[in-house]
Amino acid sequence: MNQTKRDGFTSTFGVLVATLGSAVGLGNIWKFPSLTGANGGAGFLLVYLIATLLVGLPVMIVETMLGRAARANAVSTFERVAPRGQPGWQAVGWMGFAAALLIMAFYSGVAGWVYAYIFKAISGEIATTDPKVAAAVFGSLVSNPVSSLLWQWVVLGITGSIIMMGVAKGIEAVARKLMPLLFILLLVLCARSLTLPGAMPGLTFLFSPDFSKITPAVLLTALGLAFFKLSIGMGTMLTYGSYFRDDQNIPATTTRVMLADLSVSLLAGIAIFPAVFAFGFEPAAGPSLVFMTIPAVFTAMPGGTVFMTIFFILTAIASVGAILSLLEVPVAILSERFGFGRKRASLYTILAIALLGVPAALSQSLSAEWKVFGMNPFDLFDFLSSNLLLPLGGILICVFVGWVYGFPELEKQLGNRGTLHNAWLVKTVFFLIRFVTPLSIAAVLLHGLKVF
Ligand code: PFF
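Under the working numbering, the first residue of the sequence shown carries the number 18, and numbering increases by one thereafter.
Right under this line is the structure:
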């Protein structure tokens with residue numbers, strides 16, 4: 018396998034933006050604000066921060082490290098790094114394969130709504146500061162089965178064509194252009210939102226914690242978000258790690274990505290919550306929050322239609338980097354393990370997602386009543402992936418590196434074979450992933466699922 022030259026990222030900056038492209042996405046602009054809003058604001062933010070530092074970052078470091086050490090897809094990586102006689106570890110890669118398809122099934126649907134909103138912004142249909150009008154426009158989009166599915170397929174078509182172009186020419190090239198633009202636009206939005214009259218209560222909501230809202234279920238949600246945000250626990254960082262350069266400083270790169278990703282989430286929160294309060298919207302609106310609030314923010318500013326259109330274009334584009342990384346997990350597995358060409362592997366992946374995406378896209382219409390554990394397909398896919406498969410994958414990756422792979426190899430890999438002088442850091446990471454991280458994930462997972 019892969020004896021010819023394997024595709025990969027071409028420069029240190031390329032690695033950074035592509036990895037950031039995976040982390041930054043709808044998670045920052047849609048999931049983070051809606052979960053923070055629904056779970057009481059600042060208290061949730063604090064728990065999410067702790068989960069990111071204690072759990073997210075260590076898992077991200079070792080997951081990326083494994084991928085680079087093996088230079089293979091998520092399944093074959095375990096074939097290469099696990100000791101002979103322990104083939105069971107490959108199951109972690111297959112879990113990632115399943116999680117990638119599940120996430121894509123609903124994620125591409127939400128991206129589809131964003132694409133649709135670009136046109137609604139241009140036509141002026143969402144130029145309103147009235148919550149009722151905004152809610153009606155959003156409701157009519159998501160409850161229409163035809164438009165839900167068509168927009169999802171547009172998303173799959175666009176990202177599918179990019180992924181076919183490969184890692185350097187597709188993923189990296191796109192991320193280089195889009196990430197800087199995204200930051201600039203978010204800053205513009207924040208400036209606008211903060212200067213609205215009545216912005217203060219929104220900031221208080223975001224930054225002054227109320228711990229009474231923190232329940233075990235909320236802890237699990239925050240942990241799930243930390244995994245989802247950093248694209249970890251499911252082989253995405255493993256796959257991207259396999260494209261990292263040999264001289265890339267993995268702990269430094271992943272820490273930068275984590276910090277930049279966090280800044281995007283905070284900026285999104287700062288752009289959204291002051292406006293939510295200023296216009297009398299409900300901060301606990303859930304997944305629809307962004308689709309009703311952002312239009313209101315823009316409608317309130319001069320030249321709003323233009324800014325609103327650009328914003329939705331950029332949100333759509335932000336989703337691209339994340340979707341590309343989700344696609345890359347199955348595409349790499351299918352092409353490297355089954356010998357399919359990249360185009361064919363991409364096509365099969367897109368088709369599988371289009372199928373799985375049908376019940377998710379119709380969750381507000383035809384499949385609204387298909388409930389499992391009280392959840393419609395959209396919520397179920399989200400819950401199963403973020404709150405179950407990703408944390409479980411995270412525990413297994415920690416146990417593997419901490420107890421099977423071992424310290425000497427970890428030190429060699431994270432120290433770039435002795436060229437980086439980061440022994441204390443490697444020791445800290447080793448300690449965390451051996452004990453602290455897997456035990457915290459297990460406790461939160463079991464408690465959140467009401468096992469104890
Ligand atoms: N991190 C992405 C976001 O926050 O939008 C979503 C995501 C991408 C999750 C890739 C998981 C993944 F493997």
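C-beta: ideal position from N, C-alpha, C; glycine also.
Closer than 7 angstroms to some heavy atom of the ligand PFF: that does not describe the Cβ of residue 82. DSSP places residue 82 in the helix class (H, G or I) of the three-state scheme. Ranked by Cα distance from residue 443, the options 32, 75, 197 are led by 75.
Assignment of residue 392 by DSSP, reduced to helix, strand and coil, places it in the strand class.
Counting only residues of its own chain and dropping the five nearest sequence neighbours on each side, residue 436 has no CB closer than 7 angstroms to any other CB. Distance between residue 451 and residue 228, taken at the CA atoms: about 29 angstroms. Beyond the five residues adjoining it in sequence on each side, residue 128 comes within less than 6 angstroms, by CB distance, of 172, 336 in the same chain, given in chain order. Taken in chain order, the whole alpha helix (DSSP H) runs of length 4 or more contained in the stretch 43-119 are 49-55, 59-68, 74-87, 91-98. When DSSP assignments are scanned along the stretch 231-288, no uninterrupted stretch of beta strand (DSSP E) that is 3 or more residues long falls wholly within it. Between residue 315 and residue 193, the alpha-carbon positions lie close to 27 angstroms from each other.
Residue 288 and residue 363 have their C-alpha atoms some 36 angstroms from each other. Residue 204 and residue 253 have their alpha carbons spaced roughly 28 angstroms apart. Runs of the alpha helix (DSSP H) lying entirely within the stretch 371-448 and spanning at least 4 residues, in chain order: 394-399, 407-416, 424-431, 440-448. If the five residues before and after residue 56 are omitted, its C-beta is found closer than 7 angstroms to the C-beta atoms of 230, 235, 238, all from its own chain and listed in chain order. Contact check for residue 99 and residue 106: beta-carbon distance about 4 angstroms, within the 8 angstroms limit, so the pair qualifies. Secondary structure of residue 143 (DSSP, three-state): coil. Spanning the alpha carbons of residue 85 and residue 342 requires a straight line of approximately 16 angstroms. Secondary structure of residue 325 (DSSP, three-state): helix. Within the same chain, and ignoring the five residues on either side of residue 36 in sequence, the residues whose Cβ sits closer than 6 angstroms to its Cβ are 257, 274. The C-alpha of residue 51 lies about 21 angstroms from the C-alpha of residue 406. Under a 10 Å Cβ-count criterion, residue 149 is classified as exposed, with fewer than 16 other Cβ atoms of the shown protein chains found around its own Cβ. The alpha-carbon separation between residue 454 and residue 153 amounts to approximately 44 angstroms. The Cβ-Cβ distance between residue 92 and residue 354 falls below 8 angstroms. Cβ-Cβ separation between residue 82 and residue 267: approximately 5 angstroms, consistent with a contact (criterion under 8 angstroms).
In the DSSP annotation of this structure, the continuous segment of the alpha helix (DSSP H) that includes residue 208 starts and ends at 190-211. Between the alpha carbons of residue 77 and residue 327 lies a gap of roughly 32 angstroms. The alpha-carbon of residue 24 is positioned some 19 angstroms away from that of residue 339. Here residue 217 carries a helix assignment [DSSP, helix/strand/coil]. Relative to the non-hydrogen atoms of the ligand PFF, the Cβ of residue 414 never comes closer than 7 angstroms to any of them. Taking a 10 Å sphere around the C-beta of residue 201, we find fewer than 16 other C-beta atoms and assign the residue as exposed. In the three-state reduction of the DSSP assignment, residue 468 falls in the coil class. Under the Cβ criterion (8 angstroms, minimum of three pairs), the stretch 211-225 counts as touching the stretch 284-304.
DSSP, read as helix, strand or coil, puts residue 23 in coil. One thing to note: residue 246 has its Cβ within 8 angstroms of the Cβ of residue 44.
For residue 165, the closest C-alpha among the options 398, 419, 376, 439 is that of 376. Counting along the chain, the unbroken alpha helix (DSSP H) around residue 309 starts and ends at 306-316.
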